[in-house]
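Residue numbers (the numbering used here), protein chains in the order written: chain A, 983 to 1325; chain B, 983 to 1325; chain C, 983 to 1325; chain D, 983 to 1325.
Number of protein chains: 4
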Amino acid sequence: MSSPIGLAVIGAGYWGPNLVRNAQATPALRLEWLCDLDLGRARSVLGSYSTVRATASVEQVLADPSVAAVAIATPAATHFELVRAALEAGKHVLVEKPLTPDAEEAGKLVELAEESGLALMLDHTYCYTPAVRHIRELVRGGGVGDVQFIDSVRINLGLVQPDVDVLWDLAPHDLSILDFVLPDDVRPIAVATHGADPIGAGRTCVAYLTLWLSTGSIAHIHVNWLSPTKIRTMVLGGSRRTVVWDDLNPSQRVGVYDRGVDRRPGELGPDERHRALISYRLGDIHVPALPEGEALRGVMSEFASAIAEGRAPLTDGRSGLRILRLLEAASRSLNNGGVRVEL
Amino acid sequence: MSSPIGLAVIGAGYWGPNLVRNAQATPALRLEWLCDLDLGRARSVLGSYSTVRATASVEQVLADPSVAAVAIATPAATHFELVRAALEAGKHVLVEKPLTPDAEEAGKLVELAEESGLALMLDHTYCYTPAVRHIRELVRGGGVGDVQFIDSVRINLGLVQPDVDVLWDLAPHDLSILDFVLPDDVRPIAVATHGADPIGAGRTCVAYLTLWLSTGSIAHIHVNWLSPTKIRTMVLGGSRRTVVWDDLNPSQRVGVYDRGVDRRPGELGPDERHRALISYRLGDIHVPALPEGEALRGVMSEFASAIAEGRAPLTDGRSGLRILRLLEAASRSLNNGGVRVEL
Amino acid sequence: MSSPIGLAVIGAGYWGPNLVRNAQATPALRLEWLCDLDLGRARSVLGSYSTVRATASVEQVLADPSVAAVAIATPAATHFELVRAALEAGKHVLVEKPLTPDAEEAGKLVELAEESGLALMLDHTYCYTPAVRHIRELVRGGGVGDVQFIDSVRINLGLVQPDVDVLWDLAPHDLSILDFVLPDDVRPIAVATHGADPIGAGRTCVAYLTLWLSTGSIAHIHVNWLSPTKIRTMVLGGSRRTVVWDDLNPSQRVGVYDRGVDRRPGELGPDERHRALISYRLGDIHVPALPEGEALRGVMSEFASAIAEGRAPLTDGRSGLRILRLLEAASRSLNNGGVRVEL
Amino acid sequence: MSSPIGLAVIGAGYWGPNLVRNAQATPALRLEWLCDLDLGRARSVLGSYSTVRATASVEQVLADPSVAAVAIATPAATHFELVRAALEAGKHVLVEKPLTPDAEEAGKLVELAEESGLALMLDHTYCYTPAVRHIRELVRGGGVGDVQFIDSVRINLGLVQPDVDVLWDLAPHDLSILDFVLPDDVRPIAVATHGADPIGAGRTCVAYLTLWLSTGSIAHIHVNWLSPTKIRTMVLGGSRRTVVWDDLNPSQRVGVYDRGVDRRPGELGPDERHRALISYRLGDIHVPALPEGEALRGVMSEFASAIAEGRAPLTDGRSGLRILRLLEAASRSLNNGGVRVEL
């Protein structure tokens, strides 16, 4: 094995400590720095037993030749400048979602990374869970047949964020999962979003997205900061099978249902009884054995591999850009009373 | 106790047998007839041990002076003529939802019943479950505070109906429950519906309704015939408490959560940190003991009591009319790409 | 089809109404009488719409030549006399568990039935559920391999019975299921029972049975009248697969787990590390699609078929006798501080 | 705040890393050493970013004056020598269960600690979960009334341990919880254990313990290494309320049920109908809000506090000794066919 890739984590807030912990557990990486404008916070995250260096200076980090890559977990508004500086300093970049708050700026970063031959990776964490990887194989491998409907629910008593609404806070998870698992020819073509701010928080706290897919079916996403119960489920209905993912059920995260409703081939004549053409499958459920493990470990591992192999990561800048455009369109719909916005 | 009210059930299809069974178990009613155009089906529903008479003639039933009331469980397209004939024959009427497929005609029936001093009742079965009655008391009694959001899911591998889409098949349940539990001053003012027919059934099989309420919050309903899992839940988030109803969890159908997100009073100044104004409650859950019992028994009992007491039933024709107007508006939205339709 | 078998139900108490309802729904049977010492109760069970005759006289029932079979749901103490009288009158008999409270008397009834060529069937209702039938096929067909352990839990806030303790009230269900699903060469050889009466009810309200099987493994049964939660689960661990039955989970009553712990072949040498010989399977779960339906319908159907075909029913008198002997031994252990009692 | 207590962790196997991690997160402690005979393993547990020192020499650790306390997570067979050496070196001791494999030796350690004025604490981790602390308050504070029955299930597809059977591996958890939550006057007086080794592992893999309590009621514990499903529940039935603890249900770990069966006061006359004296409560369920958090953090915190305050820890050596005597008696029963063994 070659020597590990020197890494700096930038941002010691909510998510940074998870990056620090998982970077340290990844043999292909060597954590050199934790950087935060608040040096005390960086030191506190590292704790009193660590040999990793803390700093408040991004410049110091980017100037360090032992640092080949950075992982950025700062507020979204700072992403553009930080990612650009890192890429210009020749560093590979792993960045939290969203890539930036603005798709145009994000596009520039994607181009810059591609021109520089540097890895630009989004931390779409869920895509690295065994459950989502399994669903991707099922869906893209034909195991579910044609995708008929998708319903995703991600609700919780969540922190009302100071800088983003519930749409930008939670929906990127669902959108990045859909981007990851759907076949390349099943793409969103339009979106409509309804939402409300019933507590007067100054930002949308409950939102419902409808995505029209290129195949004529729809995907629907419910994100909610106000629910006292925590639900994280996604159902992907297909012509052959339906996948139910319940991320909070460790004994059965994924169930593959051989159940569904089909229309049998044949034209629907004006006098035909429609029932004759509908058939029901009420088959078994299959629960695949999936390994347990922290998804962020997979993120770190993929980042290191993409760098080592000189290839684009699975969740590269382009995927981040696609999701950003969806979010922008969804926001536009939300701000216009829920009108359908074409992509 | 006075002598029981003579009843005829009209329609021996999917739901009729349930009316027959529950009417027989209601001491205040005396089941005289089961009427169906298909006399053999009526006889088969009664079975070989019954003294109840079967007939194919509605006229015979309506001409029978021992019949004071009829319960109608025929296809919706026949409701207008049957209900009118029954009211004109001086019979009280219990009718399956929807009252009719057309709100204008329904309005005529409501007027006719009121003019005739006859009971016109909708079989909004769920309103007679102990769970929904309990929620009504909580919500209308102030126990949940201001309603902040409502989310209802009713999905199942359901029969694709020959005459109605999933909206008209399932959403009346959710809409009648909302009509029943919400305070009189919290009313829907607009609706938008997105849906799809991904199996080519010729009718919408998956639909999402967003209702804007007069208070500024939203209610959302998900109805779906294609889901391999069966879910029937409703969450009513309030400023004081949140109610979670899971109709398929007999050990805990209703949970009252003392959890939520609040904005504390005070103006949001431009420089204030928004976090300071948000507070979280993470309190206990209370699961009320509720009696078990078949809801339709409560329907029959309310029908008999309303007749005996000469008053409008809890779920009267006017409630049926309100729900019908909502369904019509929802359909209009569905047929116009999901535009918001004012009520 | 031949003409239906004339049936009388004796006993209109807790369970009798279920027999009445299911007999009426079974085309191969013709319900002639409902008999109860309390004639008013019999009439009340039949209701005011039934053509079935009520009587307080067993003699009248047994003397009726249109009655070919009786279903007995009276207190256990009356079973011996009633079953004997019915058999001597030439009637086939379906009887609630236990066959009688005394194994010796039960043996006489079994002999009498066999000499008379009459069907004597126990209403071991659970054996006629799709779940238990499926488990029987799996276990007896080799799908689970060697049975390694069995754990059954049947607890609830149950009625403290006036005439029996929790052992005789609930454990017959578990014992009859084991008798039904286990291969013929896996038989209980000894039993020990611990119990308590912590509320001073005058009878055991909580009991734990351990059964030693002929194969060296054990089966354990927990029955409890005092639990505020209702649990009905049975786990059958096998060398190939493990079956988990959760009777209260309609969406997934039976799960077949390809998981377990095995010892690989090879002698365990004194110096060998034991770990080397243990292997773990962490495979998939399979949830078979099972039809829904009332088990008692299956009981009635099997009773009618056994009579028509002149064969012993699946749960015949001999199975009732085996279970009775187990219960007697379990009671003996309970009364002697939990000592092991050989069978 | 005074300066932190210097700590060494001895044993870098299965549990040691958890002690290391939680010690580092406890401000009142200062982790000085991780000691393991296998120095490479100790270094690997610390990782490449730690300033904590690794050593293979217990002597070095015990000779270090900066070490005031040790936490021992080595195989049970080594506990006696290690704990004695640590106490004799004047160190406070936190030790994994069981205190030692032999109650007599354990008694010597308890005496030695008390004579030396040093803290001797057992890592009965579950006692430091918010759930168990809450149950302790409920039970000892009278909230459940008289304890009527206890049923504990701890089953899983678990590692077949090389040195202990399932009884010694898992039952200490249940026994330490009972020791912790039960009032001082409710104590086990006898035990019986049934078990089996159906896979030929050379040690019991499935075991059932019955404990007779001084009040006449019983507690029952089911421990099992072979179950494909993971269950960790404990039910404590009381005359006033019943507590249900489901450790694997994060949304509702503890439920307090106002349900039960009571015998009303009054003598049971020979002619009285027993039913008249039994009453049922079917009241509400209350789910207290409990903080989440790692229990081992609480263990570390209690260890530090007990040292600082010069008092016995909550789960002190005497509690460890009581549990050890129970385990020895349970083993004796298991080895003698399940006979009742007095304590």
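For every residue, glycine included, the Cβ atom is placed at its ideal position computed from N, Cα and C. Source: prediction; values computed, not measured.
Query, Result
"Selection from D/LEU1001, D/TYR1190, D/THR1215, D/PRO1210 that minimises the alpha carbon distance to D/LEU989", "D/LEU1001"
"Terminal residues of the beta strand (DSSP E) in which D/VAL1077 lies", "1074 to 1077"
"Helix, strand or coil at A/GLY1029 [DSSP, three-state]", "coil"
"Contact set between C/ILE1260 and chain D, taken where Cβ atoms lie within less than 7 Å", "VAL1142, ALA1183"
"Where A/VAL1226 meets chain B, residues with beta-carbon distance less than 9 Å", "SER1209, PRO1210, THR1211"
"DSSP state of A/HIS1155 mapped onto helix, strand, coil", "helix"
"A/ALA1153 beta carbon less than 8 Å from that of A/ALA1288", "no"
"Nearest to D/ALA1038 (by Cα), restricted to the options D/VAL1163, D/LEU1016, D/PRO1057, D/ILE1054", "D/LEU1016"
"Alpha carbon of B/ASN1004 to alpha carbon of D/THR1192, nearest angstrom", "48 Å"
"Three-state secondary structure (DSSP) of A/GLU1291", "helix"
"Same chain, Cβ closer than 6 Å to A/ALA1183, five either side skipped, listed in chain order", "VAL1142"
"Terminal residues of the beta strand (DSSP E) in which B/GLU1274 lies", "Note, B/GLU1274: premise wrong, no beta strand (DSSP E); not H, not E."
"Within 7 Å of chain A by C-beta, residues of the segment 1262 to 1273 of chain C in sequence order", "LEU1264, GLY1265, ASP1266, ILE1267, HIS1268, VAL1269, PRO1270, ALA1271"
"Nearest to A/THR1297 (by Cα), restricted to the options A/ASP1105, A/GLU1276, A/PRO1047", "A/ASP1105"
"Segment contact, 8 Å Cβ cut-off, at least three pairs: the segment 1048 to 1056 of chain C with the segment 1005 to 1024 of chain C", "yes"
"Cut-off 6 Å between Cβ atoms - residues of its own chain near A/MET1216, not counting five sequence neighbours on either side", "SER1134, TRP1227"
"Neighbouring residues, chain D, relative to A/TYR1031 (Cβ below 8 Å)", "GLN1006, LEU1013, SER1032, THR1033, VAL1034"
"Separation of C/PRO1009 from C/GLU1291, as counted between CA atoms", "16 Å"
"Boundaries (first-last residue) of the alpha helix (DSSP H) holding D/SER1233", "First-last for D/SER1233: undefined, no H or E at that position."
"Closer than 8 Å to chain A by CB, D/SER1098", "no"
"Per-residue DSSP class, three states only, for A/ARG1185", "coil"
"8 Å Cβ cutoff met for C/TYR1031 and B/THR1033", "yes"
"Beta carbon proximity, D/ILE1200 to chain C, threshold 8 Å", "yes"
"Coil, strand or helix - A/GLY1168 by DSSP", "Note on residue identity: the sequence assigns Val, not Gly, to residue 1168 of chain A. DSSP places A/VAL1168 in coil when its eight states are reduced to three."
"Whole-angstrom distance between C/LEU1259 and C/GLY1251, CA atom to CA atom", "Confidence is the limiting factor: at C/GLY1251 the pLDDT is only 48, short of 50, which leaves the residue's position unreliable, though a coordinate-based value still follows. When rounded, the distance between both Cα atoms is 10 Å."
"Where the beta strand (DSSP E) containing C/GLY1220 begins and where it ends", "1208 to 1220"
"Reference A/GLY1072, options A/GLY995, A/LEU1044, A/ARG1307, closest by Cα", "A/LEU1044"
"Closest residue to C/VAL1269 among C/VAL1148, C/THR1056, C/ARG1223 (Cα-Cα distance)", "C/ARG1223"
"With 16 other Cβ atoms within 10 Å as the buried cut-off, status of C/ASN1206", "buried"
"Run of the alpha helix (DSSP H) containing C/GLY988, from where it starts to where it stops", "Premise fails: C/GLY988 lies in the beta strand (DSSP E), 987 to 992, not in any alpha helix (DSSP H)."
"Exposed unless 16 or more other CB atoms sit within 10 angstroms - verdict on A/SER1196", "exposed"
"Cross-strand partners of C/TYR1190 (DSSP beta bridge)", "C/HIS1176, C/HIS1204"
"Within-8 Å CB hit, A/PRO1252 to chain B", "Legend: pLDDT at A/PRO1252 = 45, less than 50; position of this residue unreliable, no value from coordinates given."
"Rounded separation between A/LEU1230 and D/ALA1311 - CA only", "40 Å"
"Helix, strand or coil at A/SER1261 according to DSSP, with G and I counted as helix", "strand"
"As assigned by DSSP and simplified to three states, the class of A/LEU1308", "helix"
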